[in-house]
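Protein chains: 2
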Amino acid sequence: MQSSIAPAHIVEAHDRIRNYIHRTPILTCQQIDDIAGCEIYFKCENFQKVGAFKARGGLNAVLSLSPQELEKGVTTHSSGNHAQAIALAAKIAGTHAYIVMPENAPRVKVDAVRGYDGEVIFCKPTLEARETTVQEVIREKNATFIHPYNDERIICGQATAAKELIEDLSHLQLDSILAPVGGGGLLSGTALAASFFSQIREIYGCEPEGADDAFQSFRAGVLIPQRNPQTVADGLRTSLGEKTFAVISDLVSDILLADDQEIVAAMELIWQRMKIIIEPSCATPLAAVLRNPHLFAGKKIGIILSGGNVDIKFGLDGTRLTFSS
Amino acid sequence: MQSSIAPAHIVEAHDRIRNYIHRTPILTCQQIDDIAGCEIYFKCENFQKVGAFKARGGLNAVLSLSPQELEKGVTTHSSGNHAQAIALAAKIAGTHAYIVMPENAPRVKVDAVRGYDGEVIFCKPTLEARETTVQEVIREKNATFIHPYNDERIICGQATAAKELIEDLSHLQLDSILAPVGGGGLLSGTALAASFFSQIREIYGCEPEGADDAFQSFRAGVLIPQRNPQTVADGLRTSLGEKTFAVISDLVSDILLADDQEIVAAMELIWQRMKIIIEPSCATPLAAVLRNPHLFAGKKIGIILSGGNVDIKFGLDGTRLTFSS
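Which chain is which? The protein sequence lines are A and B, in order.
The first sequence begins at 1 in full-length UniProt numbering and counts up one residue at a time.
The second sequence begins at 1 in full-length UniProt numbering and counts up one residue at a time.
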């Protein structure tokens, strides 16, 4: 199955969302380059609105709706960054967001959605309950459902991160580009942008060993959904959708794996050396680079740092600082 | 006592160190502005070489030495950012750094100095042992001692952070500028730069309640050294020196206090909302702004974020991420 997404769709998406997102900075770190043996350009979507690239897709999807659709509102089920992205997008578009969340969702995530005036509808913490509840919202409110990744508008929105990376580095020639892969929205968007707007032909998805459905599906040539994912990279536990798999099969060079220890070590390296906060999922591409030095030695590579939403609480034990997550 | 530092000294310092430091970015955060009720421009010295503004002063001091002095090497005692700054500066200047550190200094700090080819000389963990050991190095090696703050070359180097902030924001008129105060190198440099290069006349030092010697000294009009400091802001436990006190008495509007709870809350706000890593000392100015809303309501203010050196170790408890400091 070929994707129907054309370059113009991504250009239009970028024009549609440009005024509502941050053009996030690209950072480099000499110490990490020395360790990795290559030149890495990090596109910092951890500094994006809602703290993750998901703002791009959410905004593009919601701002693409017709006035009739906007009148009825939008809905999705998510306890993560997509929920916030849709709530933010709905607020900007002047429509209503019905966000279905499991009743055990962390308070901070519920508050974040409500902070963007999203209406939180709780359900039992099962996938079935989530889907049933969303179906009820769609039936009762006529709201438009926005899938977190298996949707061309979402894919085109996520593609704008790589498009900016390519534009801002037009003075040099990147050899490779890497993105983490969970549901595949960011990876398929990145692959499309690299194919349309650059000469980069080494496009890698990076995935935790404990949730390797993209790795398995890529090799088998058919979608193999993830069962019982076990990884610290909580944003990457989802399975590919058919639309994202189609793009990934077509354009991605390979799926690279990293285990949880490698992911956590890469995350520590970025926190310690770059002084920026990223979430575990986000460290998977650097972990994959460090695991596969032969693929990247001496090259110029772009990595999409996908997000920075980690719950951190500080405390005081006397004058000693304590952390908890 | 008046300071003998003139604008040309700071301009020369900047020219001297410019090629060896990062021109760090200035970040803003809408969410923090909404909470604080003012517009805050954060000068991010946590992204500076060695992770702190100290690289500026260290480089200016070492690069100011004569060839004869450089031949003999430089020395200081420090277990913190100044040690790394002097080691880095010595490496760049092609001279030798003898860094006296207490034998119980954290391994990570020892390794950082050695990473810049600094020679670490251990001593007993008392101030007396540190000073005796440095005296021995000076006698035996004829090395030049570089004080961490009570030195005009250090003050002029630290002043370049505020100079850059002022230059990069020349399109708007800042009302106030704030810096944390420990030994006073950064605050006195900031006050000089603001006085020489801008119209800013509200210059505040920000200090923890548990190490309030600058607050006490400023009010008394004489140096009152800190006894038994107790604060989470470990970079601010030192006392003012006579050179830094002279500048601060002359140019600073006031010293504002914050307690450890307020400092930790401000640090959490910056980590969570801005997705950047700062050390506790660095959060003191934002804590002071939040404590004194009447002073800053509706104003444009610059804050020097002084550094980002926090030791963080991640671990895994199953697939749950754990932190320790």
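Built from N, CA and C at the ideal position, the CB exists for glycine as well.
Limits of the alpha helix (DSSP H) - the one that residue i falls within
i               : result
G205 of chain B : Taken as a continuous stretch (DSSP letters only), G205 of chain B belongs to no alpha helix (DSSP H), being part of the beta strand (DSSP E) at 202-208.
C156 of chain B : 152-168
E242 of chain B : 242-251
P293 of chain B : 293-296
F218 of chain B : 213-220
H9 of chain A   : 7-17
D33 of chain A  : 30-36
F197 of chain A : 185-197
V62 of chain B  : 54-63
Start and end residues, beta strand (DSSP E) containing residue i
i               : result
A258 of chain A : 254-258
K302 of chain A : Here residue 302 of chain A is Gly; the residue named in the question, Lys, does not match the sequence. G302 of chain A -> beta strand (DSSP E) spans 300-305.
F314 of chain B : 313-317
S176 of chain A : 176-180
I40 of chain A  : 39-44
Which listed residue (the options) has its alpha carbon closest to that of residue i
i               : options                        : result
A90 of chain A  : A:K72, A:L290, A:G80           : A:K72
E152 of chain B : B:C282, B:G241, B:V100         : B:G241
L236 of chain B : B:P208, B:S217, B:F215         : B:P208
A8 of chain A   : A:K163, A:V310, A:I304         : A:K163
K299 of chain B : B:A233, B:I200, B:E268         : B:I200
G115 of chain A : A:Y41, A:V50, A:D175           : A:V50
I121 of chain A : A:P285, A:F215, A:V74          : A:V74
Y98 of chain B  : B:T133, B:L127, B:S64          : B:T133
D259 of chain A : A:K275, A:R273, A:A283, A:E279 : A:A283
T76 of chain B  : B:S253, B:I32, B:T144, B:L127  : B:T144
Y204 of chain B : B:R291, B:I138, B:L27, B:I255  : B:I255
R291 of chain A : A:A265, A:F314, A:S170, A:D311 : A:A265
S3 of chain B   : B:N150, B:A61, B:S79, B:P25    : B:N150
I86 of chain B  : B:A112, B:Q272, B:Q261, B:K275 : B:A112
Q30 of chain B  : B:A214, B:L295, B:Q272         : B:Q272
Q84 of chain B  : B:T28, B:L172, B:D117          : B:D117
T319 of chain A : B:H294, B:Q261, B:P293         : B:Q261
Contact set for residue i: own chain, Cβ-Cβ below 7 Å, skip 5 residues either direction
i               : result
S188 of chain B : I155, T244, V247, I248
R23 of chain B  : E164
P285 of chain A : L178, A179, P180, C206, I303
D317 of chain A : none
S195 of chain B : L251
D33 of chain A  : E39, I40
N142 of chain A : K72
Q216 of chain B : I224
I138 of chain B : T75, F145
S253 of chain B : E202, I203, Y204
Residues near residue i by beta carbon distance below 6 Å, same chain, minus five either side
i               : result
A159 of chain B : I10, G189, L192, A193
Q230 of chain A : G210
A129 of chain A : C123
P125 of chain B : P102, N104
I166 of chain B : F197, S198
Q48 of chain A  : H22, T24, A55
S64 of chain A  : R153
L127 of chain A : none
Residue i vs residue j beta-carbon contact at 8 Å
i               : j               : result
H82 of chain B  : K109 of chain B : no
S306 of chain A : L178 of chain A : no
I301 of chain B : V289 of chain B : yes
E202 of chain A : S239 of chain A : no
G308 of chain A : I278 of chain A : yes
L59 of chain B  : I21 of chain B  : yes
G182 of chain A : S281 of chain A : yes
F314 of chain A : E268 of chain B : yes
L321 of chain B : V232 of chain A : yes
G157 of chain B : I17 of chain B  : yes
L169 of chain A : I276 of chain A : no
E119 of chain A : H96 of chain A  : yes
V62 of chain A  : A13 of chain A  : no
D213 of chain A : L257 of chain A : no
E45 of chain A  : A161 of chain A : yes
8 Å Cβ shell around residue i - same chain, five flanking residues per side excluded
i               : result
A297 of chain A : G37, C38
Along the chain, which unbroken stretches of the alpha helix (DSSP H) at least 4 residues long are found entirely within the region 68-134 of chain A?
Those alpha helix (DSSP H) runs which fall completely within the region 68-134 of chain A and span 4+ residues are 81-93, 107-115.
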